[in-house]
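Below: one structure, written as structure tokens.
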Amino acid sequence: MVAHLLRLKLTLTANGLRRSAWVLVGFVVGALYGVSVLIGSLVALGYVSTQAFALREMTGVLAGAGLVLVWWVVPLVAFGLDATMDPARFAPFPVPRSRLLVGLTLAGLLGVPGLLTLLGAVGSTVLWWREPAAIPVAIVGALLATLTCLLGSRALTGALARIVVRRRVREVGAALVVIPLVLAGPVLTRLIPAGYSLRDVDITPVVRVVAWTPLGAAWGLAPDVAAGRWGQAAGRLLVALATLAVAALAWDRSLRRALVEPVRETTRRRDRGLGLIRRVPATPLGAVYARCLTYWARDPRYALAVVMVPVLPIVFALVDPGGGFVLMAAPLSGFLMGWAISADIAYDGSAFWLHVACPVRGVVDRWGRALAAATVAVVVVVVLSVVSALLAHRPGLVPALVGSGLGMAGCALGVASVASALVVYPVRQPGDSPFSMRQGATLPAFLTQIGGWALVGALSLPVTVLAGVAVAGHPAAGWAALVVGPLLGAGVLAVGAWLGGRLLDRTGPDLLRRLLAMT
Amino acid sequence: MPDVAPALVLRGLWRRFGAKTAVAGIDLDVPAGSFYGLVGPNGAGKTTTLLMATGLLRPDAGQVWVGGVDLWADPVRGKALLGVLPDGVRLFDRLTGAQLVTYAGLLHGLDRPTATRRASELLAAVDLVADRDTLVVDYSAGMAKKVSLACALVHAPRLLVLDEPFEAVDPVSAANIRDILAGYVRGGGTVIVSSHVMDLVQRMCDHVAVIAAGHVLAAGTLDEVRAGATLEDRFVEMVGGRTGGEGLAWLRTSSA
């Protein structure tokens, strides 16, 4: 049975790769990236292995514990990363649970992350080459740690599955995870200089404590043995084994439940009446506008883009505190909001059939979507212009920023209206994990993005130049930008919506066919 | 055949997907006022044919006439006459049931009072009153079918094209839907349904076409096609593929 499960995992992987050349390319790129990280880590470990004992202990325990933590936490938010071996799918088969448990655990190893973790963990024993007695213990510790990764992630996802499956929790959770990740880079760049002053602070107590936790116990074995702390080593072995036992038990329990009562969404969301649809003019254009605006608020894929907006100036302010970098926030968010509709039809997925089946002109579809995005963009641009001008201590720049932001938004909307009538590419389906980038057909998507961005940049050049002149210290140029930006944006949008609508009249059924093929 | 212009005419429809030919030259005349059943085995090309007949999939070759309008030459005029329920597609599921049906009505150019009134009446007719304010994403498969049907009916189309409308729908709702469709046909509308439940087609439809491997094997009134036998027997006879229940000897002697 265990062999069957392992073979199933390999077959599923191979069949997945056979589906399209681009999936294969993505897999190879991902594997190469993983291998390069592995090699880099091993080289770094090799270097550390020539250093003092305390540094080796710290590296082994902290890096190892971090690795375990990543294994435990990422699957909780990254749903859809690998659902191929979802235990619930084995519910119809009379497989003894104990074998299912062993088989699924080992199957978790048979993937790029699993293999890299195993190799990295075993490779980390290089830290102890100067204490040969510790090497066998280090290898045992590495294997225990790898098992802790696999079992722990299964146990946690299993235990939390019943909470995480609720859509609202998952959506909010996704936002709560993505925002810190975006902020992590800039925050770290600010902290690292500060960290130099921390050099003299002794963090050995932290290492000691971490090595007693389930995350670090298996990694603490080798340094203990190397230092001859036998009693402590025995204690940590106990912690590591207990962790495994608890994880196995917890997973076993959740597996037992998953096999007899598959998880399903139970809460239902309601919305009284017709919402926005009741407040817009009763025309096809008004309907599309209201529907898109509803989606901006209700579909997490759009909502996330709006939630990210306040993050932008914070990121810029962190990267370049008190500097002029923060002034980029308004134009950039204008661009992002406008360009968002390049994926609008892809986000609809096959639900787009309704627009194709109705006697609606393409230009109505284009305007409805563009106006909905523009409504959001205008608010965002104005607010961000004021905030970022204040953050940069240059309130006089508000007109220049508003003009440039609206110009950017309009140009991006116009170009995106044409682009999205020509190309659809796979996007996350509603409810997928925010980390699951759907693979396949990435080249046209990539070319559309690059070409579209270049075009938006070129079209918005006049207002960008005016805003630049205003930033350089000529307030009059700022007022000119305030006039030119909206006019330019509206002009490009009008042309883009007209052209995109003409194209969509012809390409609608072809886009729908590609969307149907993706689902 | 009655002396009226056909509601739907298909001429020489072809569609290939890569190496596979899904529809290989289909001709079909659907008389106005008929209740037309489209039957065929899995993978026969029913869904592909209906997608092309409703302007959702471009044919490689051939023509589609809806109420005398060349659909692919003048899609806006043609689609105004059509109500469609495709199979295996998503809906705008972040809207509530009432919002979705109203949305479909407004897209068809109805004014708001008409659209909202019809949406309420349709939701009542398909037993979705209690869930009119629930997001469609939280609907079951059968409820999604029913709300799609309401969307297809909201603009009072002349021709209704329904792909597997009864799949996953409970028996009571299915009976209600059959009544709605029968009333619609009595009022002069035309319905095309695809199904592989022969019994249902035999009870509901007055015309039927049998499709297999992308071809029309037989088409006409129900009595012409079944020629004295039951539709199921005629279907199996035409399509073939019965294995006679040989083999699988181990299944007969219970090993338990």
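Heads up: the sequence lines are chains A and B, in that order.
Residues 1 to 519 in this note's numbering are what the first sequence spells out, letter by letter.
Residues 1 to 256 in this note's numbering are what the second sequence spells out, letter by letter.
Just so it is clear, CB atoms sit at the ideal spot from N, CA and C, and this is done for glycine as well.
For the pair of segments examined, the segment 361 to 376 of chain A was found to touch the segment 417 to 427 of chain A: the number of CB pairs separated by less than 8 Å reaches three.
For a Cβ distance threshold of 7 Å, residue set 58 of chain B lies close to residue 510/A, ordered along the chain.
At a cut-off of 8 Å between beta-carbon atoms, residue 277/A makes contact with chain B.
Apart from the 5 residues on each side of it in sequence, residue 380/A sits with its Cβ closer than 7 Å to the Cβ of 309, 333, 337 in its chain, given in chain order.
Here residue 125/A is buried: its Cβ has 16 or more other Cβ atoms, across all protein chains shown, within 10 Å.
Neighbours of residue 99/B in chain A, taken as residues at a C-beta separation under 7 Å, are given in chain order as 274, 275, 277.
The alpha-carbon separation between residue 186/B and residue 165/B amounts to approximately 19 Å.
Residue pairing by DSSP places residue 220/B opposite 208/B in a beta bridge. Residue environment for residue 117/B: exposed (fewer than 16 other C-beta atoms within 10 angstroms of its C-beta). Chain-ordered, the chain A residues with CB closer than 7 Å to the CB of residue 86/B read 353. Residue 27/A and residue 18/A have their C-alpha atoms some 11 Å from each other. Runs of the alpha helix (DSSP H) lying entirely within the segment 328 to 410 of chain A, each at least 4 residues long, are 329 to 339, 344 to 348, 353 to 357, 362 to 391 in chain order. DSSP, read as helix, strand or coil, puts residue 4/A in helix.
The alpha carbon of residue 211/B has as its nearest neighbour, out of 41/B, 14/B, 9/B, 20/B, the alpha carbon of 41/B. Residue 145/B is classed as buried because its beta carbon has at least 16 other beta carbons within 10 Å across all chains shown.
Along the length of the segment 48 to 111 of chain B, whole beta strand (DSSP E) runs at least 3 residues long occupy 61 to 66, 82 to 85, reported in chain order. Distance from residue 101/A to residue 252/A at the Cβ level is roughly 6 Å; contact confirmed, criterion being Cβ atoms closer than 8 Å. The contact set of residue 79/B on chain A, defined by CB atoms closer than 7 Å, consists of 357, 358, 359 in chain order. For the C-beta of residue 289/A, not a single chain B residue is nearer than 8 Å; the gap to the nearest is close to 10 Å.
Comparing alpha carbon positions, the residue from 32/B, 50/B, 78/B, 213/B closest to residue 7/B is 32/B. Contact annotation: in the segment 321 to 336 of chain A, no residue has its CB less than 7 Å from a CB in chain B.
In the structure shown, the three-state DSSP call for residue 203/B is helix.
Residue range 20 to 30 is occupied by the beta strand (DSSP E) that includes residue 26/B. For residue 241/B, the secondary structure class from DSSP, reduced to helix, strand or coil, is coil. Spanning the alpha carbons of residue 456/A and residue 488/A requires a straight line of approximately 12 Å.
Here the alpha carbons of residue 481/A and residue 466/A stand approximately 6 Å from one another. Contact of residue 70/B with chain A is not assigned, every C-beta pair being separated by 8 Å or more. Of the candidates 149/B, 176/B, 79/B, 44/B, the residue whose Cα lies closest to the Cα of residue 196/B is 44/B.
Distance between residue 133/A and residue 231/A, taken at the CA atoms: about 16 Å. Spatial neighbours of residue 4/A in its own chain (CB-CB distance under 8 Å, excluding positions within 5 residues in sequence) are listed in chain order as 103.
Pairing residue 26/B with residue 13/B gives a Cβ-Cβ distance under 8 Å. A direct Cα-to-Cα measurement between residue 120/B and residue 128/B gives close to 9 Å. Close to residue 108/B, with beta-carbon spacing below 9 Å, are these residues of chain A in chain order: 284, 358, 359, 360. When the five nearest sequence neighbours on each side are left out, the beta carbons in the same chain lying within less than 7 Å of the beta carbon of residue 41/A are those of 120, in order along the chain.
One thing to note: residue 100/B has its Cβ within 8 Å of the Cβ of residue 147/B.
At a cut-off of 8 Å between C-beta atoms, residue 295/A counts as an interface residue with respect to chain B.
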